[in-house]
Amino acid sequence: MMFDDLVIEINRYLEEQFLHDQARLKHILNVYRVALELGEIFGVDRKKVTIAALMHDSTKKMTFQENYTLARIIYTEKLIHEIPKSCLHAFSAAALAKVKFKILDQEIIDAIAYHCTGRSEMSVLEKVIFVADYIEESRKFVDSEIKESAKTNLDKSVYLIMKETENYLTKHNWPLAKITQKAIEAYESHKEELND
Ligand SMILES: [Fe+2]
Ligand SMILES: [Fe+2]
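Position one of the sequence shown corresponds to residue 32 (my numbering), numbered consecutively onward.
Shown next as structure tokens:
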């Protein structure tokens, strides 16, 4: 499918899914805008950014069972078992992108799948979506250091977001995803990536 047609198809799908959840639709469009801006700064293909951003929360309205069934089409039981329930929608959205919209670019699929947990050794596209999801304007609680570093040091903002997530989860006695933990450890073992 041509890029423009694909974007029309995805937008049509999102409008239908989120007809009664305009806040979610707005969040998706905000993420798309911020991701485009970051993508331009860090030299990421605009088409890849567009598709990954628009698709990232596309399955948010589905039930746990629907999310699970969809995610299982392309991900193993083991992987799904290791991610928190709150991030399952990221993996089902990646599966939806592949199965329904025939998006075969693995970098796009990964950027959708890991937008919630992150992971170590993310591609620049993955980092752009991960950060945009966290800092877009409707998320008012975001630390200004994270917002500032997003445009100059993408790794630093990825790391700070992961640490903030860790603190938040610890405070509520909720477990941190293993892949997020590993990514934090990887960053802490070579901190030079985090210097401005
Ligand atoms: Fe999400
Ligand atoms: Fe999101």
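Glycine included, each C-beta is placed from N, C-alpha and C at the ideal position.
(message) Taking its Cβ as the centre, do 16 or more other Cβ atoms sit within 10 Å of A126, making it buried, or is it exposed?
(response) buried
(message) If we require 3 or more residues per run, which beta strand (DSSP E) segments fall completely within the stretch 147-190?
(response) none
(message) Please return the same chain residues whose Cβ sits closer than 6 Å to the Cβ of V173, not counting the five positions on each side in sequence.
(response) I166
(message) Given this structure, state the Cα-to-Cα distance separating L29 from L69, to the nearest angstrom.
(response) No answer is possible for residue 29: the residues shown for the chain start at 32 and end at 227.
(message) Between which two residues does the alpha helix (DSSP H) holding M86 run?
(response) 77-86
(message) Just to confirm the assignment, what range does the alpha helix (DSSP H) spanning D99 have?
(response) The question names Asp, yet the displayed sequence has Tyr at residue 99. Segment 95-105, the alpha helix (DSSP H) holding Y99.
(request) Assign S89 to one of two classes, buried (16 or more other C-beta atoms within 10 Å of its C-beta) or exposed (fewer than that). (result) buried
(request) Give every residue of the same chain whose Cβ lies closer than 6 Å to the Cβ of Y145, excluding the five residues on either side of it in the sequence, and list them in chain order. (result) So the list reads E157, once near-sequence residues are dropped.
(message) Measuring only from the beta carbon, is D52 closer than 6 Å to any heavy atom that is part of ligand 1?
(response) no
(request) Please state if the CB of I143 and the CB of A163 are separated by a distance shorter than 7 Å. (result) Contact check for A163 against I143 fails: the beta carbons are separated by 7 Å or more.
(request) Classify M86 as buried or exposed, calling it buried when 16 or more other Cβ atoms lie within 10 Å of its own Cβ. (result) buried
(message) Is the beta carbon of F34 closer than 7 Å to that of K78?
(response) yes
(request) Within its chain, find whatever has a CB closer than 7 Å to the CB of A83; leave out the 5 residues flanking it on each side and keep chain order. (result) I139, A142, I143, L156, I160
(message) Under 8 Å, with one C-beta from each stretch per pair, do the stretch 108-118 and the stretch 146-155 reach the 3-pair mark?
(response) yes
(message) Quick check on L135: does DSSP put it in helix, strand or coil?
(response) In this structure, DSSP gives L135 a state outside helix and strand, which the three-state scheme calls coil.
(message) Give me, in chain order, the residues of the same chain whose beta-carbon lies closer than 7 Å to that of I134; leave out the 5 immediate sequence neighbours on both sides.
(response) Leaving aside the five residues that flank I134 on each side, the residues in its chain whose CB is nearer than 7 Å to its CB run, in chain order, I82, A128, I140.
(message) Here's the rule: buried if 16 or more other CB atoms are within 10 angstroms of the residue's CB, otherwise exposed. What is I39?
(response) exposed
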